[in-house]
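J.:
Numbering (our numbering), first residue to last: 18 to 262.
1) Between 222, 172, 185, which lies nearest to residue 214 when the distance is taken from Cα to Cα?
2) Go ahead and pull the three-state DSSP assignment for residue 222.
3) Quick check on residue 78: does DSSP put it in helix, strand or coil?
4) Quick one, which of 69, 251, 188, 200 has its alpha-carbon nearest residue 216's?
5) Going by other Cβ atoms of all chains shown within 10 Å of its Cβ, with 16 needed for buried, is residue 173 buried or exposed?
6) With a threshold of 8 angstroms, are at least 3 pairs of Cβ atoms found where one atom belongs to the region 190–200 and the other to the region 239–246?
7) By DSSP, does residue 114 sit in helix, in strand, or in coil?
8) Curious, which full-length beta strand (DSSP E) runs of at least 3 residues does the region 192–239 contain?
9) Regarding residue 191 and the ligand NAP, is the C-beta to nearest heavy atom distance less than 6 angstroms?
10) Where does residue 66 sit, in a helix, a strand or coil, going by DSSP?
11) Would you mind sorting residue 145 into buried or exposed? The rule is 16 or more other CB atoms within 10 Å of its CB.
12) If you count every other CB in all the chains shown that lies within 10 Å of the CB of residue 151, and 16 or more means buried, which is it?
13) Does DSSP put residue 137 in a helix, in a strand, or in coil?
14) Indicate the three-state DSSP secondary structure (helix, strand or coil) for residue 102 in the structure shown.
15) I'd like to know if the region 58–66 and the region 32–41 are in contact, where contact means that at least 3 CB-CB pairs between them fall below 8 angstroms.
16) Where does the unbroken beta strand (DSSP E) through residue 109 begin, and where does it stop?
17) Quick check: the region 87–99 against the region 23–35, are there 3 or more CB pairs under 8 angstroms?
18) Taking residue 71 as the reference, give the member of 82, 79, 89, 168 with the closest Cα.
19) So residue 160 is in the beta strand (DSSP E); what residue range does that whole segment cover?
20) Could you give the distance in angstroms between the alpha-carbon of residue 117 and the alpha-carbon of residue 52?
21) From the DSSP output, read off the bridge partner residues of residue 97.
22) Apart from the five residues on each side of it in sequence, which residues of its chain come closer than 7 angstroms, Cβ to Cβ, to residue 136?
23) Check whether the Cβ atoms of residue 102 and residue 45 sit closer than 7 angstroms, and answer yes or no.
24) So what does DSSP say about residue 22, is it helix, strand or coil?
Written as structure tokens, this is what we have:
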């Protein structure tokens, strides 16, 4: 029998959908790909940590010259918690009891937001071109930021008069909208009343979907995300005279 505990390196508020899977696995180079674990335990919901476990297995299936580890993975929605270090057991002098710590990985949305923020910090070193357009009750201005000839970033300011003001940063990859962060205000110099953030995968799937208002963060609705994507396409066309590059 192999036993031990699984803990979280940093405390986290887990949902009732959290699931912990613990397995005893042969990770030797001689082990066949896709070999089933010697033992597996699933805890669902997994909301309380540290979590104790015991894995029973058939000792006859253990090769003393092979390497065995306990693997643990916690999944809670889009969030994955994984092991930064291996937990060897059974052979090569390893004990049969282990203490495992899990570390939260960035979600795909968090990775996109971090990459967007990093890109925004780089625009000061890019080539920039400005433009404006006046409409019926709407004043629009923008800056296009290019790197190696490609459009990476567009910052658009839209003044709707007494109907409000928006400041939007759009990021692009390969000429297509990749991410957008839009602040809505009562006027240019007012504090934001809300911030909407969205990003899209190469196939158009919505990845980052965040709405912040009144000190609360919620999931951005699909209609607003679609509107941001359309705005990203429209400003790219407007700012480039329809060339989109």
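Yeah, the Cβ is synthetic: ideal placement off N, Cα and C, and Gly gets one too.
T.: With the structure as the only source:
1) In the chain shown, the residue the question calls residue 214 occupies position 197. Of the listed residues, the one whose Cα sits closest to residue 214 is 185.
2) Start at 1 with the first residue of the chain shown, and residue 222 comes out as number 205. Coil.
3) Position 61 of the chain shown, counted from the start, is the residue given in the question as residue 78. DSSP places residue 78 in helix when its eight states are reduced to three.
4) Along the chain shown, read from residue 1 onward, the residue named residue 216 stands at position 199. Ranking 69, 251, 188, 200 by Cα distance to residue 216 puts 188 first.
5) Within the chain shown, the letter at position 156 stands for residue 173. Buried, since its Cβ has 16 or more Cβ neighbours within 10 Å.
6) yes
7) Counting from 1 along the chain shown, the entry for residue 114 is found at position 97. Three-state result, residue 114: strand.
8) 193–202, 211–217, 223–230, 233–236
9) Among the components modelled here there is no ligand, and therefore nothing to report on the ligand NAP.
10) As a first step, residue 66 is located in the chain shown; it is residue number 49 there, counting from the start. In the structure shown, residue 66 sits in coil (DSSP, three-state: anything other than H, G, I, E or B).
11) Residue 145 sits at position 128 when you count from the first residue of the chain shown. Flag for residue 145 reads exposed.
12) On the chain shown, residue 151 is found 134 positions in, with the first residue counted as 1. So residue 151 ends up on the exposed side.
13) Counting from 1 along the chain shown, the entry for residue 137 is found at position 120. DSSP places residue 137 in helix when its eight states are reduced to three.
14) The residue labelled residue 102 in the question sits at position 85 within the chain shown. Here residue 102 sits in coil by DSSP.
15) yes
16) Numbered from 1 along the chain shown, position 92 holds the residue referred to as residue 109. Neither: residue 109 is in no beta strand (DSSP E) and is coded neither H nor E.
17) yes
18) Here the question's residue 71 lines up with position 54 in the chain shown. Among 82, 79, 89, 168, the Cα nearest to that of residue 71 is on 89.
19) Here residue 160 corresponds to residue number 143 of the chain shown, with the count starting at 1. Residue 160 -> beta strand (DSSP E) spans 155–164.
20) Here residue 117 refers to the residue found at position 100 when the chain shown is read from its first residue. Here residue 52 refers to the residue found at position 35 when the chain shown is read from its first residue. In a straight line, the C-alpha of residue 117 is about 23 angstroms away from that of residue 52.
21) Indexing the chain shown from 1 puts residue 97 at position 80. Bridge partners of residue 97: 92.
22) Position 119 of the chain shown, counted from the first residue, corresponds to residue 136. Only 169, 170, 188 meet the Cβ criterion.
23) The residue you call residue 102 lines up with position 85 of the chain shown. The residue you call residue 45 lines up with position 28 of the chain shown. Cβ atoms of residue 102 and residue 45: not closer than 7 angstroms.
24) In the chain shown, counting from the first residue as 1, residue 22 sits at position 5. Strand, per DSSP.
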